[in-house]
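S.K.:
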Amino acid sequence: MKFDSKKPSVSYYSVDVSWCLLDVTKPASLVACCATRQGSLIVQNYLKRFGNCSYILEQVSSSFCDMMKDPYANHVCQCLITLCNESQRDFILNLIGHKVSQLARDAHGNYVLQCLIKNITTKGQAIRFISYLAKDVKNLIVDSYGNFVLQKTIEFWPAELTQFIYHGVCEHILDVACDSHGCFVVKKCFEYGTYLQKSLVQSAIVANTLPLSQNFTGRIILQYVLNVGEPLYFEAIKKQLHGTRFEIFFKEPDYHIQKSH
1441 MKFDSKKPSV SYYSVDVSWC LLDVTKPASL VACCATRQGS LIVQNYLKRF
1491 GNCSYILEQV SSSFCDMMKD PYANHVCQCL ITLCNESQRD FILNLIGHKV
1541 SQLARDAHGN YVLQCLIKNI TTKGQAIRFI SYLAKDVKNL IVDSYGNFVL
1591 QKTIEFWPAE LTQFIYHGVC EHILDVACDS HGCFVVKKCF EYGTYLQKSL
1641 VQSAIVANTL PLSQNFTGRI ILQYVLNVGE PLYFEAIKKQ LHGTRFEIFF
1691 KEPDYHIQKS H
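In our numbering, the protein residues as written are 1441 to 1701.
As structure tokens, then:
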């Protein structure tokens, strides 16, 4: 895909003397520059000052996914996503589509995807992005980095677009509620879900009360439902735990799930 843009004039290079030392007509040189601390800052400043996303995006397109995973180049990717227009954002979605799940589980790639979630402007783009995430939703929920991508999706997008996460949570409730990362996604579902979505998650939790009560993280989720859930679910949990050795855990002070990262 080619954008209608011209190569920056020499005057653009005066933004920083380092531009004069870099042959930006060679994509490999530009990618290598973005992968350094100073080079990343130079390219970001150039983009913020002149907004010439088209030229930079063309040059780095073949290496965009690798740049997303780089400690310094990922910031250039975030800058491009923030400043680019809709057609350029479509182009970026095409570049990363087949690797979204892998990038979501990367220490740096997950931040770029969170930036993309915040800047997607059309429902069509959101649906495309969801189609990539939905293929691996269970593994992303319990991943140390992937869970943050899903949490950001729940925070920023309407309920109709996040339903796939709720289905994933309910289908794999024991795996996700008993996981130290997955439990944060479960809590986020309660914080941002519609009444129907929260009811689905509560029902799945109540149906698995006994196995959840035997796991430390699972008990935290049960306590959370007891604190914020409907009286119907409260009574159902209490009834299932009555007379078991795990009943005592729910007579102590509330557990608190704290955010990390």
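Backbone N, C-alpha and C fix where the C-beta goes; we use that ideal spot for every residue, glycine too.
1) Less than 7 angstroms separating the beta-carbons of I1557 and T1522?
2) Tell me which residues share the same chain as H1696 and place their Cβ nearer than 7 angstroms to its Cβ, disregarding the 5 neighbours each side in the sequence.
3) Could you give the residue range of the alpha helix (DSSP H) that holds Y1585?
4) Along the chain, where does the alpha helix (DSSP H) containing D1506 start, and where does it finish?
5) Give the DSSP-derived three-state secondary structure of F1624 in the structure shown.
6) Just confirm the distance between the C-beta atoms of R1499 and L1535, as a whole number of angstroms; I'd bet it's less than 8 angstroms.
7) Just verifying my parser: in three-state terms, what is the DSSP assignment at K1539?
8) Going by DSSP in three states, P1671 sits in which element: helix, strand or coil?
9) So T1657 and A1617 are in contact, right, with Cβ under 8 angstroms, and what is the actual spacing, rounded?
10) Suppose you measure from the CA of F1624 to the CA of D1546; what does that come to, to the nearest Å?
11) Grab me the residues of D1619's own chain with a C-beta within less than 6 angstroms of its C-beta, minus the 5 sequence neighbours each way, in chain order.
12) On the criterion of 16 or more Cβ atoms from any shown chain inside 10 Å, does K1488 qualify as buried, or is it exposed?
13) Decide if Y1512 is buried, meaning its Cβ has at least 16 other Cβ atoms within 10 Å, or exposed.
14) Can you tell me where the alpha helix (DSSP H) holding A1647 begins and where it ends?
15) Would you say L1481 and L1497 are within 7 angstroms of each other, going by their C-beta atoms?
16) Between which residues of its own chain and I1560 is the CB-CB distance below 6 angstroms, once the five residues before and five after are set aside?
17) Would DSSP call C1618 helix, strand or coil?
18) Using the C-alpha atoms, what's the distance from E1675 back to F1504?
M.R.: In this structure, then:
1) no
2) With a pLDDT of 47 at H1696, under the threshold of 50, the predicted position of this residue should be treated as unreliable, and no value is reported.
3) It is not in any alpha helix (DSSP H) - Y1585 carries neither H nor E in the DSSP assignment.
4) That run of the alpha helix (DSSP H) goes 1504 to 1508.
5) helix
6) Position check: residue 1499 holds Gln in this sequence, whereas Arg was assumed. Between L1535 and Q1499 the Cβ distance is about 13 angstroms, and since that is not below 8 angstroms, they are no contact.
7) helix
8) helix
9) 7 angstroms
10) 18 angstroms
11) V1582
12) K1488 is exposed by the Cβ-count criterion.
13) buried
14) 1635 to 1647
15) Cβ atoms of L1481 and L1497: not closer than 7 angstroms.
16) In the same chain as I1560, and ignoring 5 residues on each side of it, the C-beta atoms closer than 6 angstroms to its own belong to A1566, in chain order.
17) DSSP places C1618 in coil when its eight states are reduced to three.
18) Their Cα atoms are separated by approximately 52 angstroms.
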